[in-house]
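>
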Amino acid sequence: MRYNYKNIEKKWQEKWLSEGTFFAKENHELPKFYPLIEFPYPSGQGLHVGHPRSYTALDVVARKRRMDGYNVLYPIGWDAFGLPAENYAIKHKVHPKIITEQNIANFRRQLQALGISFDWSREVNTTDPEYYKWTQWIFLKLFEKDLAYKANMDINFCTSCKVGLANEEVVNGVCERCGSEVIRKEKEQWMLKITEYAERLISDLDTVDYIERVKIQQRNWIGKSSGAEISFPVANSDEALSVYTTRPDTIYGATYMVISPEHPLLNNLHDKIENIGMIHEYQVEAKKKSDFERTELNKDKTGMKIEGLMAVNPATQNEIPIYVSDYVMMSYGTGAIMAVPGHDQRDYDFAKEFNLEIIEVISGGDISVEAYSGDGILVNSGFLNGMKVKDAKEKMIEFIVDKGFGNKKINYKLRDWVFSRQRYWGEPIPIINCEKCGMVAMDEKDLPLVLPEVESYEPAEDGSSPLAKLDDWVNTTCPKCGGHARRETDTMPQWAGSSWYFLRYTDPHNNDEFASKENLEYWTPIDWYNGGMEHTTLHLLYSRFWHKFLFDIGVVPTAEPYAKRTSHGMILGENGEKMSKSRGNVVNPDEIIENFGADTMRLYEMFIGDFEKSVSWIENGVKGAKRFLDRVWNLKERVQKGSYYSEEIEILIHQTIKKVTYDYENLKANTAIAQLMTLVNEYYRQEFITDDDFKILLLLLNPVAPHITEELWQEKGYSGYISDHSWPKYDEKKTIEDIVEIAVQINGKVRYKIEVSSKASKEEIEKKARENERLEELIDGMKVVKVIVIPNRLVNVVAK
RNA sequence: GAGGGUAUGGCGGAAUAGGUAGACGCAAGGGAUUUAAAAUCCCUUGGGGGAAACCUCGUAAGGGUUCGAUUCCCUUUACCCUCACCA
3 MRYNYKNIEK
13 KWQEKWLSEG
23 TFFAKENHEL
33 PKFYPLIEFP
43 YPSGQGLHVG
53 HPRSYTALDV
63 VARKRRMDGY
73 NVLYPIGWDA
83 FGLPAENYAI
93 KHKVHPKIIT
103 EQNIANFRRQ
113 LQALGISFDW
123 SREVNTTDPE
133 YYKWTQWIFL
143 KLFEKDLAYK
153 ANMDINFCTS
163 CKVGLANEEV
173 VNGVCERCGS
183 EVIRKEKEQW
193 MLKITEYAER
203 LISDLDTVDY
213 IERVKIQQRN
223 WIGKSSGAEI
233 SFPVANSDEA
243 LSVYTTRPDT
253 IYGATYMVIS
263 PEHPLLNNLH
273 DKIENIGMIH
283 EYQVEAKKKS
293 DFERTELNKD
303 KTGMKIEGLM
313 AVNPATQNEI
323 PIYVSDYVMM
333 SYGTGAIMAV
343 PGHDQRDYDF
353 AKEFNLEIIE
363 VISGGDISVE
373 AYSGDGILVN
383 SGFLNGMKVK
393 DAKEKMIEFI
403 VDKGFGNKKI
413 NYKLRDWVFS
423 RQRYWGEPIP
433 IINCEKCGMV
443 AMDEKDLPLV
453 LPEVESYEPA
463 EDGSSPLAKL
473 DDWVNTTCPK
483 CGGHARRETD
493 TMPQWAGSSW
503 YFLRYTDPHN
513 NDEFASKENL
523 EYWTPIDWYN
533 GGMEHTTLHL
543 LYSRFWHKFL
553 FDIGVVPTAE
563 PYAKRTSHGM
573 ILGENGEKMS
583 KSRGNVVNPD
593 EIIENFGADT
603 MRLYEMFIGD
613 FEKSVSWIEN
623 GVKGAKRFLD
633 RVWNLKERVQ
643 KGSYYSEEIE
653 ILIHQTIKKV
663 TYDYENLKAN
673 TAIAQLMTLV
683 NEYYRQEFIT
693 DDDFKILLLL
703 LNPVAPHITE
713 ELWQEKGYSG
723 YISDHSWPKY
733 DEKKTIEDIV
743 EIAVQINGKV
753 RYKIEVSSKA
763 SKEEIEKKAR
773 ENERLEELID
783 GMKVVKVIVI
793 PNRLVNVVAK
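With the first letter of the first sequence counted as 1, position 725 gets the number 727 in this note's numbering; the numbers rise by one all the way through.
#1: Does the distance from the CB of Ile322 to the CB of Thr257 come in under 8 Å?
#2: Ignore the nearest five residues each way along the sequence and tell me which others in Val787's own chain have a CB closer than 7 Å to its CB.
#3: Under DSSP, the beta strand (DSSP E) around Pro235 begins and ends at which residues?
#4: Indicate whether the contact test is met: 3 or more Cβ pairs, each with one atom in the stretch 422-435 and one in the stretch 496-503, closer than 8 Å.
#5: Distance, Cα to Cα, Ala317 vs Ser365?
#6: What did DSSP end up calling Trp192 once you bin it into helix, strand or coil?
#7: Hey, is the stretch 687-704 in contact with the stretch 89-102, meaning 3+ C-beta pairs nearer than 8 Å?
#8: Distance, Cα to Cα, Ser582 vs Arg55?
#9: Alpha helix (DSSP H) containing Gly623: first to last residue?
#10: Would Leu194 and Trp419 qualify as a contact pair, given that the criterion is a beta-carbon distance under 8 Å?
#11: Kindly list the residues whose CB is nearer than 6 Å to the CB of Tyr151, restricted to its own chain and excluding five residues on each side of it in sequence; keep chain order.
#12: Can you check which of these residues, His709, Val791, Gly722 and Lys736, is closest to Asn9 by C-alpha distance?
#13: Tell me whether the beta-carbon of Gly79 lies closer than 8 Å to the beta-carbon of Glu125.
#14: Under 8 Å, do Tyr212 and Gly229 count as touching if we go by C-beta distance?
#15: CB-CB under 7 Å to Phe553, same chain, minus the five flanking residues each way: which ones, in chain order?
#16: Candidates Ile573, Lys751, Arg585 and Ala565: which alpha carbon is nearest Ser616's?
#17: Give the straight-line distance between the Cα atoms of Val326 and Val476, rounded to the nearest whole angstrom.
#18: Confirm, please, whether the CB-CB distance from Ser227 to Asn413 is below 8 Å.
#19: Assign Gln138 to buried or exposed, taking buried as 16 or more other Cβ atoms, counted over all protein chains shown, within 10 Å of its Cβ.
#20: Over the uninterrupted beta strand (DSSP E) stretch that includes Trp530, give me the two end residues.
#21: For the alpha helix (DSSP H) containing Asn597, list its first residue and its last residue.
#22: For Gly378, collect the residues of the same chain with a Cβ closer than 6 Å to its Cβ; drop the 5 residues on either side in sequence, then sort them by chain order.
#23: Taking only three categories from DSSP, how would you classify Leu299?
#24: Can you list, in chain order, the stretches of the alpha helix (DSSP H) that have 4 or more residues and sit fully within the stretch 702-777?
#25: In three-state terms, what does DSSP make of Gly279?
#26: Pull up the CB-CB distance for Val442 and Lys405, whole angstroms please, since I reckon it's below 8 Å.
#27: Looking at the structure shown, is Gly556 part of a helix, part of a strand, or coil, going by DSSP?
#28: Give a yes or no on whether the C-beta atoms belonging to Phe83 and Trp427 are separated by under 8 Å.
#29: Where does His486 fall in DSSP's three states?
#30: Using only CA atoms, which one of Lys761, Lys751, Ile748 and Asp726 lies nearest to Leu735?
#31: Helix, strand or coil: how does DSSP classify Pro266 here?
#32: Going by DSSP, which residues form a beta bridge with Met444?
#33: What's the C-alpha gap between Pro131 and Phe41?
#34: With the cut-off set at 8 Å, would you say Val74 and Phe35 are in Cβ contact?
#35: Using 10 angstroms around the beta-carbon of Pro266, count the other beta-carbons present and answer buried if the total reaches 16, otherwise exposed.
#36: Measuring alpha carbon to alpha carbon, tell me which of Lys274, Lys135, Gly22 and Arg111 ends up nearest Asp445.
In structure tokens:
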């Protein structure tokens with residue numbers, strides 16, 4: 003008999019929702035557990051089968067923890083600002099709000115049909131003015147503390163759509179939408195000073211429990227390096243070129259300098275530059291190149307000597323030439339480098355191309371072939387000669403500081419966060435530009451600054467946001483002087499709303515604060531945050547930055563938002579490729595639920611494989627999951643009154659409780675389920691099982707398959723609801739079998755097996771192993787040199 | 001180019017501290033039940049040899065450490081992810 007999952011699942015979902023079974027309790031005396039999944043962007047395609055993988059994994063933990071007695075807050079919300087809704091709006095002339103609402107309703111229906119134990123009373127929506135009021139409030143605080151500022155930045159600009167593009171909208175150097183050329187255009191942008199927090203964002207990683215690859219990726223992204231900033235005077239001028247280097251020890255080998263095409267020196271000393279015309283041409287060429295081209299064409303280094311200018315190497319006092327080349331980036335370091343061709347491969351290639359002098363200053367390589375970047379002894383380096391690289395580095399920094407040539411310097415790859423978008427569907431930036439007072443913050447009392455209605459969602463001709471077209475909205479008065487002023491028309495990026503949503507969950511309906519101090523104290527930090535690896539360097543870093551800022555101004559109680567971070571692997575199509583419409587390998591969760599049921603879907607997603615790795619979706623695997631649940635359902639016919647059926651079963655049950663408890667807490671539901679399958683198989687081998695046997699199975703299976711287990715619990719007349727029952731305990735002593743079979747190896751190869759008591763001493767085990775009649779023939783004349791006994795595992799007889 | 005990851009049967013994957021490789025599932029084959037099929041239940045299933053006992057090979061390739069290596073170290077290969085000349 004198969005169970006009627008459709009009616010059963012619907013029944014329990016309605017009950018859980020109407021009774022608020024899984025809503026967090028207001029009682030702050032209870033121990034709390036706050037697990038979090040990355041709230042979804044409600045796309046028009048509906049839920050992807052990848053979403054439930056992460057949601058179910060933490061749902062399993064959440065459900066188990068409730069049975070352990072924790073007050074659990076497992077919330078859900080919608081990260082609903084963003085490009086797809088806006089693009090849809092442009093195409094179909096529908097307000098993004100309408101399409102967003104529809105999509106949210108669909109997502110909500112799908113998630114509820116999966117029986118995830120979310121607290122549906124705490125939904126947040128980033129596009130709701132009552133929510134983004136506080137996003138704007140946080141921005142004002144950042145502005146107040148000088149962490150938000152405006153600066154000229156190069157952006158990707160589509161020459162045909164006349165619109166600024168995000169990096170992900172630029173595909174192979176052309177606009178994703180129309181296929182026309184994308185250039186770099188300078189535009190004034192809002193920036194957030196995340197670099198101010200670079201050091202703490204690295205060092206505080208030591209205080210949190212993140213999986214190692216997340217920490218590594220964040221550290222690499224922030225990219226801390228230590229070296230020196232050294233000033234090279236420009237001969238016959240007051241100017242100097244400041245460079246950043248991690249290798250001040252190689253300064254005697256610096257035979258020329260290179261500056262980026264955007265370097266201000268070219269402007270400052272333009273009248274001294276003899277070939278300024280050609281330099282200008284080079285600058286124009288470099289400007290045209292997109293990031294894509296600059297990296298794609300990296301085979302041959304281009305560049306040009308600046309005629310008429312020479313720099314002075316402060317160590318040697320020699321005059322060296324200055325080149326301009328686009329392989330030097332204005333955005334990293336100082337936009338200028340000292341080139342040491344003997345010991346840096348890029349400089350080496352450039353020197354070969356332009357026939358420049360290459361000097362060896364560190365021995366150990368062969369610089370006639372390639373640059374040598376390894377360790378060695380300093381040569382041709384004045385007072386550094388004979389030192390090791392490490393000592394020379396320190397001595398050189400001392401020397402530079404002493405003589406006033408520069409300073410020791412820590413550098414980061416991390417750039418400030420470009421925070422404005424010339425788009426409609428985002429939070430308006432609550433800043434007013436006054437003709438007299440400059441940039442003025444809106445009064446907090448006037449928040450939210452509601453996103454106004456517009457006629458069309460296309461950006462303006464000059465690439466500014468659609469909001470710029472609304473004269474009534476843009477023209478306003480200055481909050482400071484009352485004079486004429488204009489509103490900021492840029493909006494915030496999608497990352498804004500997601501940088502603090504987890505705080506709002508603790509107190510989502512609060513009208514006076516983004517969350518009450520009391521609720522924040524109780525619920526934060528998040529105990530466990532699971533999300534995709536693709537968010538490691540953006541969302542995860544941004545939200546840590548905002549949280550640290552909020553901590554600094556005293557409005558959140560912890561320096562870090564997330565105590566623990568794990569990451570799930572992707573679910574790929576049956577053919578092992580990423581699921582996509584064009585590949586035709588998309589699996590629709592609705593169909594799986596319709597044809598197999600939510601419990602089967604949940605069970606399959608948990609059983610599919612290692613949670614952290616990518617896996618392929620296999621339809622037959624879903625059938626297997628369904629088959630297992632049918633077997634559990636049919637077991638009810640075999641249940642008889644009483645406690646444990648047999649001692650053998652009792653041991654297996656205790657082993658299973660132990661394994662399942664450990665596995666659920668460690669995202670290893672796949673092996674927990676395998677163990678439960680073993681238990682069920684064993685139950686089928688018995689003539690009958692008892693109520694106690696069956697209850698344990700239902701309790702252990704409940705976090706993964708909550709509907710069928712609730713139903714069976716009720717049908718068997720067990721007291722209360724299974725979700726109110728406490729998690730089963732095991733007795734370590736009862737997990738151990740009396741007699742164990744262990745292997746006997748001769749020189750590392752398994753030859754035969756013996757049965758011994760699990761309590762037997764090493765001596766007893768060895769004796770038993772040696773008693774076997776096969777031993778003599780197997781060692782055949784050799785001498786036993788050593789016997790290694792590992793209790794409960796094996797015996798290894800070493801013979802020669 | 002840099003950083004990170006992965007590699008185990010026909011397939012998805014197990015192996016918690018270096019200790020019996022292949023748990024569990026899928027697929028396949030056989031049997032029971034059935035008028036028949038589906039469903040269900042039971043059994044077999046890494047390769048080679050052998051009637052069997054058992055032998056032998058086997059965790060991407062090669063080497064090392066060890067009584068013992070899927071696990072640790074070195075070299076190589078392939079694939080995946082992130083970043084893109086980071087000075």
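Here a beta-carbon is modelled for each residue, glycine too, at the ideal position from N, C-alpha and C. Quantities reported herein were computed from a predicted structural model and do not represent experimental measurements.
Per the coordinate set shown:
#1: Numbered from 1 along the first sequence, position 320 holds the residue referred to as residue 322. Numbered from 1 along the first sequence, position 255 holds the residue referred to as residue 257. Yes, these two residues count as a Cβ contact at 8 Å.
#2: What you label residue 787 is simply residue 785 of the first sequence in a count that begins at 1. Within the same chain, Cβ atoms closer than 7 Å to the Cβ of Val787 are found at Val800, Ala801 and Lys802, the five residues on either side in sequence being excluded.
#3: Reading the first sequence from its first residue, position 233 is the one you call residue 235. Where Pro235 is concerned, the enclosing beta strand (DSSP E) stretches over Ser227 to Pro235.
#4: Yes, the stretch 422-435 touches the stretch 496-503.
#5: Translated into positions along the first sequence, residue 317 becomes position 315. Translated into positions along the first sequence, residue 365 becomes position 363. CA-to-CA, the gap between Ala317 and Ser365 works out to about 19 Å.
#6: The residue given as residue 192 occupies position 190 in the first sequence. Of the three classes helix, strand and coil, the one that applies to Trp192 here is strand, per DSSP.
#7: Proximity of the stretch 687-704 to the stretch 89-102 falls short of the contact definition, fewer than three beta-carbon pairs being nearer than 8 Å.
#8: By 1-based counting over the first sequence, the position of residue 582 is 580. By 1-based counting over the first sequence, the position of residue 55 is 53. If I take the Cα positions, the gap works out to 17 Å.
#9: In the first sequence, residue 623 corresponds to position 621, counting from 1. Taken as a continuous stretch (DSSP letters only), the alpha helix (DSSP H) holding Gly623 covers Glu621 to Asn636.
#10: In the first sequence, the residue the question calls residue 194 occupies position 192. In the first sequence, the residue the question calls residue 419 occupies position 417. Result yes, Cβ atoms of Leu194 and Trp419 sit closer than 8 Å.
#11: Counted from its first residue, the first sequence places residue 151 at position 149. Counting only residues of its own chain and dropping the five nearest sequence neighbours on each side, Tyr151 has a CB closer than 6 Å to the CB of Met193.
#12: The count along the first sequence starts at 1 and reaches residue 9 at position 7. Of His709, Val791, Gly722 and Lys736, the residue nearest in Cα terms is His709.
#13: Residue mapping note: residue 79 aligns to position 77 of the first sequence, counting from 1. Residue mapping note: residue 125 aligns to position 123 of the first sequence, counting from 1. Yes. Within cutoff.
#14: Reading the first sequence from its first residue, position 210 is the one you call residue 212. Reading the first sequence from its first residue, position 227 is the one you call residue 229. It is not a contact, given that the beta carbons lie outside the stated cut-off.
#15: Within the first sequence, the letter at position 551 stands for residue 553. Hits under 7 Å: Thr560 and Ala561.
#16: Residue numbering aside, residue 616 sits at position 614 when the first sequence is read from its first letter. Out of Ile573, Lys751, Arg585 and Ala565, the CA that lies nearest to the CA of Ser616 is found in Ile573.
#17: Along the first sequence, one-based indexing puts residue 326 at 324. Along the first sequence, one-based indexing puts residue 476 at 474. Roughly 43 Å between the two C-alpha positions.
#18: To locate residue 413, count along the first sequence from 1; it is residue 411. To locate residue 227, count along the first sequence from 1; it is residue 225. In terms of Cβ geometry, Asn413 and Ser227 form a close pair [threshold 8 Å].
#19: Taking the first residue of the first sequence as 1, we reach residue 138 at position 136. Answer is buried; the Cβ neighbour count reaches 16.
#20: Within the first sequence, the letter at position 528 stands for residue 530. If you look at Trp530, you'll find it in the beta strand (DSSP E) that goes Trp530 to Gly533.
#21: What you label residue 597 is simply residue 595 of the first sequence in a count that begins at 1. It spans Pro591 to Phe598 - the alpha helix (DSSP H) in which Asn597 sits, taken as one unbroken run.
#22: Indexing the first sequence from 1 puts residue 378 at position 376. Cβ neighbours of Gly378 beyond the five flanking positions: Ile364, Ser365 and Gly366.
#23: Residue 299 sits at position 297 when you count from the first residue of the first sequence. Here the model assigns Leu299 a pLDDT of 45, short of 50, so the residue's position is not dependable, and the following value carries that caveat. Correct three-state label for Leu299: coil.
#24: Within the stretch 702-777, complete alpha helix (DSSP H) segments of at least 4 residues are found at 708-717 and 764-773, given in chain order.
#25: As a first step, residue 279 must be located in the first sequence, where it is residue number 277. DSSP places Gly279 in helix when its eight states are reduced to three.
#26: In the first sequence, counting from the first residue as 1, residue 442 sits at position 440. In the first sequence, counting from the first residue as 1, residue 405 sits at position 403. Their Cβ separation, rounded to whole angstroms, is 46 Å, which puts Val442 and Lys405 out of contact at 8 Å.
#27: Translated into positions along the first sequence, residue 556 becomes position 554. Gly556: coil per DSSP, three-state reduction.
#28: Here residue 83 corresponds to residue number 81 of the first sequence, with the count starting at 1. Here residue 427 corresponds to residue number 425 of the first sequence, with the count starting at 1. Yes, these two residues count as a Cβ contact at 8 Å.
#29: For the purposes of this step, residue 486 is identified with residue 484 of the first sequence, where counting begins at 1. The three-state secondary structure of His486, taken from DSSP, is strand.
#30: What you label residue 735 is simply residue 733 of the first sequence in a count that begins at 1. The amino acid at residue 735 is misidentified as Leu; the sequence shows Lys. Of the candidates Lys761, Lys751, Ile748 and Asp726, the one whose C-alpha sits nearest the C-alpha of Lys735 is Lys761.
#31: What you label residue 266 is simply residue 264 of the first sequence in a count that begins at 1. Here Pro266 sits in coil by DSSP.
#32: Here residue 444 corresponds to residue number 442 of the first sequence, with the count starting at 1. Answer is none; Met444 lacks a bridge partner.
#33: In the first sequence, residue 131 corresponds to position 129, counting from 1. In the first sequence, residue 41 corresponds to position 39, counting from 1. Cα to Cα, the separation comes out at about 18 Å.
#34: To locate residue 74, count along the first sequence from 1; it is residue 72. To locate residue 35, count along the first sequence from 1; it is residue 33. Against a cut-off of 8 Å, the Cβ pair of Phe35 and Val74 comes out as a contact.
#35: Translated into the one-based positions of the first sequence, residue 266 becomes position 264. Burial call: exposed.
#36: Taking the first sequence and counting its residues from 1, the one referred to as residue 445 is at position 443. It is Lys135.
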